[in-house]
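Number of protein chains: 2
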Amino acid sequence: MNAAVTDSPAPRPAQQPAPPGGSSGEAPIVTIADIEAAAVRLAGVAWRTPLLSSEALDAAVGGRLLIKAEPLQRTGSFKFRGACNTIAQLPPGPVVAYSSGNHAQGVALAARLAGREATIIMPSDAPAIKQANTERLGATLVLYDRHSEDREAIGAEIAARTGAHLVKPYDDPRIIAGQGTVGLEMAEDVRAMGIVPDAAIVCCGGGGLIAGTATALCHAFSEIAVFSAEPLGFDDTARSLLSGVREGNVPGAVSICDALLAPMPGELTLAVNRRLLAGGLVVDDAAVLDAMRRAFLELKVVVEPGGAVALAAALSGALDCRGKTVLVVLSGGNVDPTRFREALDSARQRS
Amino acid sequence: MNAAVTDSPAPRPAQQPAPPGGSSGEAPIVTIADIEAAAVRLAGVAWRTPLLSSEALDAAVGGRLLIKAEPLQRTGSFKFRGACNTIAQLPPGPVVAYSSGNHAQGVALAARLAGREATIIMPSDAPAIKQANTERLGATLVLYDRHSEDREAIGAEIAARTGAHLVKPYDDPRIIAGQGTVGLEMAEDVRAMGIVPDAAIVCCGGGGLIAGTATALCHAFSEIAVFSAEPLGFDDTARSLLSGVREGNVPGAVSICDALLAPMPGELTLAVNRRLLAGGLVVDDAAVLDAMRRAFLELKVVVEPGGAVALAAALSGALDCRGKTVLVVLSGGNVDPTRFREALDSARQRS
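Here the protein sequences come in this chain order: U and B. Under our numbering, think of the first position of the first sequence as 1, with each following residue one higher. Under our numbering, think of the first position of the second sequence as 1, with each following residue one higher.
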C-alpha cells in the first residue's frame, strides 16, 4: 500500500530504521482502504467539515493556510469520527472509554446512536463543559484523579466486570482509520481546488489523528511534509520521532491544552508516525492563546487550546510557511468560557 | 415566476393588497433565475458555507434547527455575496458604499478582487474590528456621525465627484440576488438530505438578505413559512409587514445589533418581503447575547449580535419550533472581543 509514499525520498526521513509494524515488509497498521471504509461508515453520521481560509492569516504567515474546522464536527471535535468507526465494528454490548474529554463525548454520542450504553472514565480536572456534555449525551461518568490513579487500569477493570468493550482513545487501527477521514476530506477538497499542498500541521496528543491524517495525505500527495504540533512540556511525539522509541513526558509539566496531555505516544500511532512524519513542532501556551484569538477574529471558529496548537505552530513561525501552501487542522472547540475569555484578553494586550 | 409560492394559501398573507413591484402582474424584482445567475458569478469566489446542527439546540427548542453559518463566509458575513454579484455587473471604475461595517468589508474585498478602488462611508461608532478590517482590505474609509449626518447624501456626493459607482447595501436587485444565494445553498443542502423544512428565520436589517433568501426558499419549498428576525427597537420590517407600508424606527432606540440599525426597510426589499414573508419576529438584547453564547457552546461558531437574532428568535421562543424543522441563518461574526466577552459573561450568570 501507499507505494507513492514509501518511494518518495524527501522530506520524510526514509533512512530511519524501519519501525515495527510500519516497515514495507510487514502488514501496514492502517491503509488508505481502511480510511476509505471508515468514510463509508461515517457518511451521513459524522459531518464533512469545511476547509477554511483567511487572507489575514495568509498575510501573517506569508503563505497560504487551508484550515480544517473540526470544532464544527459533532460533539465539537474529530474524536467522534474514530469512535463511530470503532463502535461500528464491535460485537454487541456496552462500551467503556477513558478520556480527558473529547474522546468521551465522541464515544458517548457514537454509542447512543448505535443503541449501546457507554461508561466514560474522565479525569476529575477535565473542563466542566466536557464533563457536562458527556453526561448530556447519555453516558455514565466515572471520575478519577489524573495524578494518583491509572485510567487504563480503571477501564480494564470495568471492561472485565461488565463485559463492556473498551474503545481506546488512539492506539487502535479502527480509531486511526476513523480519524484519517479528516485527511481524506482535506485531500479531496484541495484536489478539487487544483492545489498540491507543501505541508500539513496536525495537533498531536496520543497521535491517532495525525497517524490517520498523514496516511491519507501522504497517499494523496507523495511530496507532502506532515508535522505534528504539541504543547510545550508534552512534546513526547516530537522527541519520539527523533529518538525512534516511545518517549514519555516529564512528570509535573502543565499546559492549558487539556486535550493533549497523553503521557506518551501510542505504540501503533508512533509506528505509523515514524514512517510518515517530517518532524514534530512545539508551541507554548502564549502561542496557543494567540492562535485561539486569531481563529476567533479571522475564522469565526471557536477553538479549544489543544485544538489550536497546529495553527499556533503556523502563526508563531514554528513552521516557516512563507511561500508554501500548508494544511492546518483545528481539532476541537470544547473550551470553557473562562478559558476562552483568557484568549480574548490576550487579544486586548496584543492589539 | 415562483408560481408555487403565490398559489400557496398559507401561511403567507396572500390576502394583503399587492405591493408595488411585487404583484403577480408586474415584473418581479428578483427571480430565482437572478439568484442562480448570482451563484454562477460567486462560484469559487464566495465560500459555500456549511449548514450546521446541534442536538443540544434541537433539544432546547423541541424541534430541528438547520443553521447556515455565514460567519464563515469571506469577510465574516453574507454581505460579500451581494457585493460581488453587484460589482461584477457594474461598468468599469471605482466604487463607493455606505455601511455600518459588514457591507463595507464585503464591498472592500469584492472591489479589490475585481481590481477596483473602493471608498467606504462608515459610522464613526462602528465596531473597531469592522473599521480595521475594511482598511486592511484596501478600501479608503470615510467616517461620519450616525446621528447628525446622512450617509446616503455623503455617498451620492462622492459618487458625483469621483465617478464612483454606488454599491447600495440592500435596496438593489443585484444585491438581493447575491444574498439570495444563501437561500439557494440552504435549499440545495436540505433537499440533498431529503428534508422539507417547515419554516426559516433570517436576520433582517434593510431586508436584502431575507428578500433574496425567501425568494430562493419559497421557490424550492412552496409551503415554507419565512420569518424576519429583528432587534427590539429596530423592528421596522415587522411593523411594515403588518401595516403594508415602510415604517421607520423610533429615533433614539439603542441595540447591541450594530449590523441591523437601518432606519427603515428598503423599498424593493419590502416589496419582495411583503409578498413572501409569513411575519416578523422581534428579540431583545438579552436573547441575542444568549444566542451568541449558545452558538459558542454548541456550534463553535463566533456570531456577532446582529448575526444572532434569528437564532435568538428560535431559542427564546419568539417562534415556536416544537415539532418543526426550521432553517436559521447566522448572518455574520464580526464582533469585538469586548462584546463577545459580554456574551460569555451572560453565560456565567445563566449556567
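Yeah, the Cβ is synthetic: ideal placement off N, Cα and C, and Gly gets one too. This one's a predicted model, so the numbers in the text were calculated from it and none came from an experiment.
Proximity test, Cβ basis, 8 Å: U/Phe234 and chain B:
Among the residues facing chain B, U/Phe234 is not included, as its CB has no counterpart in that chain under 8 Å away.
Quick check on the burial criterion: 16 or more other C-beta atoms within 10 angstroms. Buried or exposed for B/Val205?
The amino acid occupying residue 205 of chain B in the given sequence is Gly; Val does not appear at that position. Buried is the call here.
From which residue to which residue does the alpha helix (DSSP H) around B/Cys203 run?
Where B/Cys203 is concerned, there is no enclosing alpha helix (DSSP H), although the beta strand (DSSP E) it sits in stretches over 199-203.
If the cut is a Cβ gap below 9 Å, which residues of chain B does U/Val302 touch?
What U/Val302 touches in chain B: Ala295, Phe296, Leu297, Leu299, Lys300, Val301, Val302.
Identify which residue in B/Ala310, B/Gly280, B/Val282 has its Cα closest to the Cα of B/Arg294.
Taking each of B/Ala310, B/Gly280, B/Val282 in turn and checking the Cα distance to B/Arg294, the smallest one comes out for B/Ala310.
Between which residues of its own chain and B/Val301 is the CB-CB distance below 6 Å, once the five residues before and five after are set aside?
Taking C-beta separations shorter than 6 Å and ignoring five residues to either side along the sequence, the partners of B/Val301 in its chain run Ala69, Pro71, Ala295, following chain order.
Under 7 Å, CB to CB, which of the residues in the region 190-206 of chain B have a partner in chain U?
Identification of residues in the region 190-206 of chain B having a C-beta nearer than 7 Å to some C-beta of chain U yields an empty set.
Mind listing, in chain order, the continuous beta strand (DSSP E) runs of no fewer than 3 residues lying wholly within the region 260-289 of chain U?
Look at the region 260-289 of chain U and you find these whole runs of beta strand (DSSP E), each 3 residues long or longer: 279-283.
Can you tell me the Cβ-Cβ gap for B/Pro407 and B/Phe221, rounded? I've got them flagged as a contact below 8 Å.
This structure cannot settle anything about residue 407 of chain B, because the visible part of chain B is limited to 1 through 351.
Could you say which of B/Asp290, B/Leu209, B/Gly63 lies nearest to B/Ala170 if we only look at CA atoms?
In the sequence under discussion, the amino acid at residue 170 of chain B is Tyr, which differs from the Ala named in the question. If we check each option's Cα against that of B/Tyr170, B/Leu209 comes out closest.
With a threshold of 6 Å on Cβ separation, who are the neighbours of B/Ala211 within its own chain once the five nearest residues in sequence on each side are excluded?
So the list reads Ile176, Thr269, Val272, Asn273, once near-sequence residues are dropped.
When the distance is taken between beta carbons, is U/Ile32 closer than 8 Å to U/Thr213?
Going by C-beta atoms, U/Thr213 is not nearer than 8 Å to U/Ile32.
Is the Cβ of U/Leu184 closer than 8 Å to any Cβ of chain B?
For U/Leu184, the answer is no, since every Cβ of chain B falls outside 8 Å of its Cβ.
Rank U/Ser53, U/Cys203, U/Leu319, U/His219 by C-alpha distance to the C-alpha of U/Gly333 and give the top, closest one.
For U/Gly333, the nearest C-alpha among the options comes from U/Cys203.
Are the C-beta atoms of U/Leu52 and some chain B residue less than 8 Å apart?
At least one chain B Cβ lies under 8 Å of U/Leu52.
Please confirm if U/Arg350 has its CB atom under 8 Å from at least one CB of chain B.
Residue placement at U/Arg350 cannot be trusted, given a pLDDT of 46 that sits under 50; the coordinates are not used to answer.
Between B/Gln16 and B/Leu242, what straight-line distance do the alpha-carbon atoms span, to the nearest angstrom?
With a pLDDT of only 44 at B/Gln16, under 50, the local geometry of the prediction cannot be trusted, and no value is derived from it.
In the DSSP output, what is U/Ser228 paired with across the bridge?
U/Ser228 pairs with U/Val202, U/Gly280.
Here's the rule: buried if 16 or more other CB atoms are within 10 angstroms of the residue's CB, otherwise exposed. What is U/Glu185?
Burial of U/Glu185 is indicated by the presence of at least 16 other C-beta atoms within 10 angstroms of its C-beta.
Report buried or exposed for U/Ser240, applying the criterion of at least 16 other Cβ atoms within 10 angstroms of its Cβ.
Its Cβ being crowded by 16 or more others within 10 Å, U/Ser240 is buried.
If U/Asp258 sits next to U/Gly306, beta carbons under 8 Å apart, how far is it from one beta carbon to the other, in whole angstroms?
With a Cβ gap of about 6 Å, U/Asp258 and U/Gly306 count as contacting.
As a quick exercise: from U/Ala132, U/Arg81, U/Glu247, pick the residue whose alpha carbon is nearest that of U/Gly101.
Nearest of U/Ala132, U/Arg81, U/Glu247 to U/Gly101, Cα basis: U/Ala132.
Quick check on the burial criterion: 16 or more other C-beta atoms within 10 angstroms. Buried or exposed for U/Ser316?
Buried.
Flag this pair as touching only if the region 124-139 of chain B and the region 99-115 of chain B have three or more C-beta atom pairs under 8 Å; answer yes or no.
Touching, yes.
Using a Cβ-Cβ cutoff of less than 8 Å, which residues in the same chain neighbour B/Asp285 once the five nearest sequence positions on both sides are dropped?
Within the same chain, B/Asp285 has close Cβ partners Pro231, Leu232, Ser255, Ile256, Cys257, Pro305.
Can you give me the C-alpha to C-alpha distance between B/Gln89 and B/Arg41, rounded to a whole angstrom?
B/Gln89 and B/Arg41: Cα-Cα distance of roughly 10 Å.
Extent of the continuous beta strand (DSSP E) to which B/Met122 belongs:
Where B/Met122 is concerned, the enclosing beta strand (DSSP E) starts and stops at 118-123.
Go through its chain and collect everything with a Cβ distance to B/Pro265's Cβ below 6 Å, but skip five positions before and after it.
Result list for B/Pro265: Gly207, Asp236, Thr237, Ser240, Arg246, in chain order.
Do U/Ala200 and U/Val326 have their C-beta atoms within less than 8 Å of each other?
Yes, these two residues count as a Cβ contact at 8 Å.
Counting only beta-carbon atoms, is B/Pro71 nearer than 8 Å to chain U?
At least one chain U Cβ lies under 8 Å of B/Pro71.
Does the CB of B/Pro398 have a neighbour CB from chain U at under 8 Å?
This structure gives no information on residue 398 of chain B, because the portion of chain B shown stretches from 1 to 351.
May I have the straight-line CA-CA distance separating B/Leu319 from B/Val328, to the nearest angstrom?
Approximately 11 Å, taken between the alpha carbons.
When DSSP labels each residue in this structure, what does B/Gly180 get in the three-state scheme?
Helix.
For chain U, check one thing: does any of its Cβ atoms lie closer than 8 Å to the Cβ of B/Leu344?
Judged by the 8 Å Cβ criterion, B/Leu344 is in contact with chain U.
With a threshold of 16 other CB atoms inside 10 Å of the CB of B/Met355, please say whether the residue is buried or exposed.
Outside the displayed span of chain B (1 to 351) sits residue 355 of chain B, for which this structure offers no information.
Using a Cβ-Cβ cut-off of 8 Å, state whether B/Phe78 counts as contacting chain U.
It does not: the Cβ of B/Phe78 has no partner Cβ on chain U nearer than 8 Å.
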